[in-house]
Amino acid sequence: MASRAARALLSLPKRKPNVSPSPLLRPPAPARGLCSSPDEGPAHFGNVGFIGLGNMGSRMAKNLVKAGYNVAVHDINGDAMKIFAGFGVPTKKTPFEVAEESDVIVTMLPSSSHVFDVYTGPNGLLHGGNLLRPWLLIDSSTIDPQTSRKISALVSNCTLNGKRDGGGVPMMLDAPVSGGVLAAEAGSLTFMVGGSEEAYLTAKRLLLAMGKSTIYCGGAGNGSAAKICNNLAMAVSMLGVSEALALGQSLGIAASVLTRVFNSSSARCWSSDAYNPVPGVMEGVPSSRNYEGGFATKLMAKDLNLAKSSAEEVGVKCPLTFEAQDIYSGLCKDGHESKDFSCVFRHYYSGIDEHKGK
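Numbering (my numbering), first residue to last: 357 to 714.
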């Protein structure tokens, strides 16, 4: 894991000491509102803390550094922090140490429990009680909207430490991403953002240093809700395309031919025309490399479990969610958890490679 991160960071420029030191962004006084000028550059955000240096987070943090932001990082993986330290990026031992020196914090963590622990656990971001230095906290993890809303409420009960510019209340955005590791590397992620619209407009410049687009989804938790709904639709569409292509093969029609039919007809979707699950039909997708890379089946199962739990909590009928979650959880139990989720074509529907069907 560390070696992969090292390769990903080879292009990271050495951090320049004291690059144009600028005043920290003052927290907004209620009467003034937040600045949302698109011309505000890295200096507008003062010091940025980044917590979570996994496959996604390490690349997102790298792009912030490359864009000129003053970034400090933390991760429980010491090897990941050593890589950043080698490029002159300050590392911190705990989330609380990050909070003590940051004006804005971005977190990118594996699950709801990890996020809750980073915020509320021992030496967490809120360890200092109701006084908090960062004026804005952005969580880009894929978690349930209920947890996002709980943490947002906790943050809103805090007061900005030092009462700069008349004091104020720190703000939080839930901003999960779409695009995967390749998009994180290229800085072309899409952010789905929930929280205060003022905070969203102010943070947009920072988010676009890591992505290509941002979509404001509404109040706290709505970004997380949008992400799990997006992944639910993606999972179900992959199952539908895989099921239809496997059936077509059994009926004697080649997957490449049926794919052309789909993509010229009403069945066209991302799973058919950009991420085809049949090996040999499309180049450059996980199915063309034995389902390596891409979006792991275990992550899809996790996201479907979030959707399932959310549906149960609000009492909405979601039979396809439950069925999809069962299928992907079964693939994980069968040993395919690290394969791309499109492997459902081969390992659940028993579909065959295109060249074998000729």
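Where a beta carbon is used, it is the ideal one built from N, C-alpha and C, also for glycine.
Would you kindly report the start and end of the unbroken beta strand (DSSP E) that includes residue i?
{"i": "Cys573", "result": "567 to 574"}
{"i": "Gly405", "result": "403 to 407"}
{"i": "Asp495", "result": "492 to 495"}
{"i": "Ala680", "result": "Not the beta strand (DSSP E): Ala680 falls in the alpha helix (DSSP H), residues 675 to 687."}
{"i": "Asn517", "result": "Segment: none, Asn517 is in no beta strand (DSSP E) and carries neither H nor E."}
{"i": "Leu655", "result": "Careful: Leu655 lies outside any beta strand (DSSP E), inside the alpha helix (DSSP H) at 653 to 670."}
{"i": "Ala428", "result": "426 to 430"}
{"i": "Leu529", "result": "527 to 530"}
Alpha carbon to alpha carbon, what distance is there between residue j and residue i?
{"i": "Ser497", "j": "Thr476", "result": "16 Å"}
{"i": "Pro384", "j": "Leu676", "result": "Because Pro384 sits at a pLDDT of 36, beneath the cut-off of 50, its placement in the model cannot be relied upon, and the following sentence gives the value as read from the coordinates. If I take the Cα positions, the gap works out to 45 Å."}
{"i": "Pro377", "j": "Phe401", "result": "With a pLDDT of only 31 at Pro377, under 50, the local geometry of the prediction cannot be trusted, and the value read off the model is given with reservation. Their Cα atoms are separated by approximately 12 Å."}
{"i": "Thr447", "j": "Arg415", "result": "16 Å"}
{"i": "Gly442", "j": "Ala436", "result": "10 Å"}
{"i": "Ser666", "j": "Gln681", "result": "13 Å"}
{"i": "Gly485", "j": "Thr503", "result": "19 Å"}
{"i": "Gly650", "j": "Met656", "result": "11 Å"}
{"i": "Asp659", "j": "Met590", "result": "11 Å"}
{"i": "Asn632", "j": "Thr450", "result": "42 Å"}
{"i": "Phe701", "j": "Gln605", "result": "11 Å"}
{"i": "Ala581", "j": "Pro532", "result": "9 Å"}
{"i": "His692", "j": "Ser593", "result": "19 Å"}
{"i": "Ile507", "j": "Ile499", "result": "11 Å"}
{"i": "Leu465", "j": "Asp473", "result": "10 Å"}
{"i": "Ala509", "j": "His483", "result": "15 Å"}
{"i": "Val421", "j": "Ser685", "result": "37 Å"}
{"i": "Gly413", "j": "Val641", "result": "22 Å"}
{"i": "Ile609", "j": "Met528", "result": "52 Å"}
{"i": "Val429", "j": "Lys438", "result": "10 Å"}
{"i": "Leu562", "j": "Val454", "result": "18 Å"}
{"i": "Asp690", "j": "Tyr647", "result": "15 Å"}
{"i": "Val637", "j": "Trp491", "result": "49 Å"}
{"i": "Glu669", "j": "Ser621", "result": "37 Å"}
{"i": "Lys568", "j": "Thr546", "result": "6 Å"}
Compare the beta carbon distance of residue i and residue j with 7 Å and say whether it is the shorter of the two.
{"i": "Leu493", "j": "Val511", "result": "yes"}
{"i": "Val404", "j": "Val445", "result": "no"}
{"i": "Asn479", "j": "Phe452", "result": "yes"}
{"i": "Glu599", "j": "Tyr705", "result": "yes"}
{"i": "Gly550", "j": "Gly579", "result": "yes"}
{"i": "Leu487", "j": "Asn517", "result": "yes"}
{"i": "Leu619", "j": "Ser628", "result": "Reading the sequence as shown, one finds Asn at residue 619 and not Leu. Yes. Within cutoff."}
{"i": "Thr463", "j": "Asp431", "result": "no"}
{"i": "Met548", "j": "Cys573", "result": "yes"}
{"i": "Arg645", "j": "Gly577", "result": "no"}
{"i": "Met566", "j": "Asn433", "result": "no"}
{"i": "Lys654", "j": "Cys688", "result": "yes"}
{"i": "Lys560", "j": "Thr570", "result": "yes"}
{"i": "Ala417", "j": "Phe406", "result": "yes"}
{"i": "Ala652", "j": "Ser694", "result": "yes"}
{"i": "Ala611", "j": "Glu710", "result": "yes"}
Between the Cα of residue i and the Cα atoms of the options, which residue gives the shortest distance?
{"i": "Tyr556", "options": "Ala540, Gly575, Leu516, His703", "result": "Gly575"}
{"i": "Cys585", "options": "Pro501, Gly691, Asp435", "result": "Pro501"}
{"i": "Leu662", "options": "Arg616, Ile439, Ala455, Ser468", "result": "Ser468"}
{"i": "Leu481", "options": "Ala611, Glu457, Met590", "result": "Glu457"}
{"i": "Arg624", "options": "Arg489, Leu601, Lys695, Met656", "result": "Leu601"}
{"i": "Ser544", "options": "Glu554, Thr558, Ala531, Leu564", "result": "Leu564"}
{"i": "Phe440", "options": "Leu687, Asn632, Gly408", "result": "Gly408"}
{"i": "Ile708", "options": "Glu693, Ser643, Val672", "result": "Ser643"}
{"i": "Pro635", "options": "Asp696, Tyr684, Val672, Leu529", "result": "Asp696"}
{"i": "Ile683", "options": "Gly671, Glu669, His703, Cys674", "result": "His703"}
{"i": "Arg489", "options": "Val525, Ser508, Glu554", "result": "Val525"}
{"i": "Ser552", "options": "Leu562, Lys568, Asp530, Thr546", "result": "Asp530"}
{"i": "Leu588", "options": "Lys664, Met412, Asp473, Leu465", "result": "Lys664"}
Please report the residue range of the alpha helix (DSSP H) in which residue i lies.
{"i": "Val473", "result": "One point to set straight first is that residue 473 is Asp, not Val, in the sequence displayed. From DSSP, the alpha helix (DSSP H) with Asp473 extends over 468 to 476."}
{"i": "Ile439", "result": "434 to 441"}
{"i": "Ala540", "result": "536 to 542"}
{"i": "Thr463", "result": "Taken as a continuous stretch (DSSP letters only), Thr463 belongs to no alpha helix (DSSP H), being part of the beta strand (DSSP E) at 460 to 463."}
{"i": "Phe697", "result": "Taken as a continuous stretch (DSSP letters only), Phe697 belongs to no alpha helix (DSSP H), as it is neither H nor E."}
{"i": "Gly604", "result": "578 to 606"}
{"i": "Gly551", "result": "Segment 545 to 551 is the beta strand (DSSP E) holding Gly551; no alpha helix (DSSP H) there."}
{"i": "Leu614", "result": "611 to 619"}
{"i": "Ala455", "result": "451 to 456"}
{"i": "Leu510", "result": "501 to 512"}
Would you please verify whether the beta carbon of residue i is less than 7 Å from any beta carbon of chain B?
{"i": "Phe443", "result": "The question asks about chain B, but that chain is absent: this structure has only one protein chain."}
Could you tell me if the beta carbon of residue i falls within a distance shorter than 6 Å of some heavy atom in the ligand ATP?
{"i": "Leu493", "result": "The model depicted lacks the ligand ATP and carries no ligand whatsoever."}
On the three-pair Cβ rule with 8 Å, is the region 588 to 602 touching the region 612 to 623? yes
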